[in-house]
Amino acid sequence: MISYMPWVRQFLRDRLAVLGFFIILLLILVAIFAPYLAPTTAIYDVNLSERLQPPTSKHLLGTDSQGRDILSRMIYGTRITIIIAVIAIGASLFIGVPLGLIAGYFGNWFSEVIQRVSDIFLSIPQLILAIAIAAVLKPSITTAILALSITYWPWFSRLVYAQARSLRITTFIEATQALGASSPRIIFFHVLPNVITPIIIRSTIGMGYTILTAATLGFLGVGAQPPSPEWGLALAEAREYLPKAWWFALFPGLAIFTVVLAFNMFGDGLRDVIDPRLRISGK
Amino acid sequence: MKWLVYALKRILYFIPILVSLIVIGFFLFYLIPADPVRLIAGPFATPQQVETLKQQYGFDKPLYIQFLRYLTRFFHGDLGLSIHTHRPVMMELIERAPATFELGLISLIGSILLGIPLGIFVALRRNNWVDHLFRAITIGGLAIASFWLGIMAQLYFGYHLDLLPIGGRITPGIPLKPITGLFLLDSLLGLNPRALFDSFKHLILPAITLGLPCFATIVRFTRGGVLDAMKSEYVLYEQAMGLPRPIRIYKYILRNALTAPVVQIGLLIGYTIAGAIVVEKVFAWPGVGNFAATSIIMFDYSAILGFTLWSGIAFCLGTLLSDIALALIDPREVSR
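From first to last, the protein sequence lines stand for chains Y and H. Just so you know, we're using the working numbering here: the first sequence kicks off at 1 and counts up by one. Just so you know, we're using the working numbering here: the second sequence kicks off at 1001 and counts up by one.
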């Protein structure tokens, strides 16, 4: 644990990264305690007599086109945001890391196949591929998660591949091979622990990116469907009521911005501290 | 000769990507929807109508025949009929391409023209307030959802200040003879200042919305590139030899510093195509992206497939261009 201390100290010096960390922490807490924090738990109940009200003391962020409290819906929306990001990144890790490890460690025809397939995925803009997948399947949050996972795993396989490949020829791996350790054992007990750090950094940055793409899918109608309180979807609904209902469009977008910003700042800070080689200089 | 080999190598690199895109397209759009004929026929078709349609579209044939037919049609430029406009998808894409091209080009060129000098400027004034200000802008620019930025820009500059139009390419009623389909160019060629001014006004908000992340990326990587180059040993050597700072910067640092942003520009072309879907939807911009956004909601599969293939090709071409630009800046790329 002692060897981690300088990291922590250096990380704490990066004020933006610390701010990002606290925003993420806050987001998680809000998602967990949503029913206690939201002014109302009736986030799906249509109440036309109160529709499109500007922010007041009763509805702090106003109401939407169905008369629902925007603040409460945004608080519940944090749950969707976190679920999408965590599952999509988790699934990408689950696909990408083993493939990258195997491809990097063995370096045979199978690695070639994996490398070429990831190349193809990485050479098409992620959003377009995700839209195509999500549009063909029935649009829903599940489809959005699936589309995001299918399009994000190559980032991990590529990253892990490069690391595993350079580790393969190191002395300590050679030594474990000489001791007669089996390949799966070497991969999981000796190679994997050495690639965990870049994986963590990539996941953090990927979270922000995934949240942004998920909101875009929601906005385009291929992600969350009404009456879900997902933020991107809320913005799509709000567009119909401009310019009158500015609050309807302002707050959900602000939430997306803040959260993505937090993940980016946290990820950047983490990278600078843990793996300074990856940083863009002078930052 | 070296250059020819390099260019050929780069072109060959894209062939497997395009081929797989075409194959993925086939499987995604012809196999996953349980019954594509049902979708075409609509919910009220009789079983007999469905059967006729099946024969008409060739869905009764074995898979490899279907795939061959799909390939033949693709290479003849036939992407099928769009369900929501009832016109050939290829025609829709070609007609709308100039609008998207104009928007994307202005956003990218604007970002490059502003971003590279600014990136150099802030790198040379590292850690003063300008640097911090633009660091905040670049971090923010990459985290902002373009649809939200677009909507906020419409609210403020369009509705509140009533300064700029909130959508479309040109005010209806202003005559403009189409030549290239790029309105700015057309009005210049037709010596039409009114159309030029009007279409430029329509471009400002969508171009800024689409361009902000590009701008942010370019500033960030130019700054990083310059700072990296300034730290390198050959620059230290030049400094020690007493070479004046302007010569050091303009002659020796910039060339090495620019490779990082140029690689990014290649990737940004792909981002611009994807971003066009959202930005064109927000600003009712009559381009390919807007067509794609509508097709998504209408479950217009052949249109979505057509758009996906179209953007794959456009993206590969863009990357190819940036590869060539990179080789011009850094000849080492060619001999690698």
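Backbone N, C-alpha and C fix where the C-beta goes; we use that ideal spot for every residue, glycine too.
Its Cα nearest to that of G1141 (chain H), the residue Y:T258 stands out among Y:A38, Y:I187, Y:G206, Y:T258. Taking each of Y:T170, Y:A164, Y:L261 in turn and checking the Cα distance to T204 (chain Y), the smallest one comes out for Y:L261. Contacts with chain Y (Cβ-Cβ distance below 9 Å) from the stretch 1145-1162 of chain H involve A1145, S1146, F1147, W1148, L1149, I1151, M1152, Q1154, L1155, G1158, Y1159, H1160, listed in chain order.
With fewer than 16 other beta carbons inside 10 angstroms of its own, P1178 (chain H) counts as exposed. When the Cα atoms are used, S1199 (chain H) and A236 (chain Y) turn out to be separated by approximately 26 Å.
For the stretch 118-138 of chain Y, the set of positions with a beta-carbon nearer than 8 Å to some beta-carbon of chain H reads D119, I120, S123, I124, P125, Q126, L127, I128, L129, I131, A132, I133, A135, V136, L137 in chain order. The C-beta of F1283 (chain H) comes no closer than 8 Å to any C-beta of chain Y. The secondary-structure analysis by DSSP pairs L1081 (chain H) across a beta bridge with H:P1088.
Interface annotation for the stretch 41-71 of chain Y against chain H: empty, criterion Cβ-Cβ distance under 8 Å. I1174 (chain H) places its beta carbon less than 8 Å from that of R1194 (chain H).
Neighbours of P243 (chain Y) across chain H, judged by C-beta separation under 7 Å: L1155, Y1159.
A249, L250, P252, G253, L254, I256, F257, T258, V259, V260, L261, A262, F263, N264, M265, D268: these are the residues of the stretch 249-275 of chain Y whose beta carbon lies less than 9 Å from some beta carbon of chain H, given in chain order. Around the C-beta of T170 (chain Y), fewer than 16 other C-beta atoms lie within 10 Å, and the residue is accordingly described as exposed. The beta carbons of C1214 (chain H) and Y1156 (chain H) sit no closer together than 8 Å.
According to DSSP, D69 (chain Y) shares a beta bridge with Y:T63. Every candidate beta strand (DSSP E) stretch fails here, since none sits fully inside the stretch 1048-1078 of chain H while reaching 3 residues. Any Cβ of chain H closer than 8 Å to the Cβ of A215 (chain Y) would place that residue at the interface, and such an atom is present. In terms of CA proximity to L93 (chain Y), Y:I200 leads the group Y:I200, Y:T41, Y:P227.
Taking C-beta atoms as the reference points, G1225 (chain H) and A1274 (chain H) fail to come closer than 8 Å. At a cut-off of 8 Å between C-beta atoms, G208 (chain Y) counts as an interface residue with respect to chain H. Apart from the 5 residues on each side of it in sequence, T143 (chain Y) sits with its Cβ closer than 6 Å to the Cβ of A134, L137 in its chain, given in chain order. When C-alpha distances from I211 (chain Y) are compared across Y:P184, Y:W246, Y:I187, Y:I256, the shortest belongs to Y:I256. Nearest Cα to I1144 (chain H) within the set Y:P39, Y:T213, Y:V97: Y:T213. Here the stretch 181-196 of chain Y lies against the stretch 101-114 of chain Y, with 3 or more beta-carbon pairs under 8 Å apart. Distance from the CA atom of A164 (chain Y) to the CA atom of G100 (chain Y), rounded to whole angstroms, is 8 Å. Approximately 44 Å separates the beta-carbon atoms of G180 (chain Y) and A17 (chain Y); this is outside 8 Å, ruling out the contact.
If you look at R1220 (chain H), you'll find it in the alpha helix (DSSP H) that goes 1193-1231. Scanning its chain for C-beta atoms nearer than 6 Å, with the 5 sequence neighbours on each side dropped, one finds around V1278 (chain H) the residues S1146, F1147, in chain order. Secondary structure of F106 (chain Y) (DSSP, three-state): helix. Taking 8 Å as the cut-off, the Cβ atoms of M74 (chain Y) and P226 (chain Y) do not count as close.
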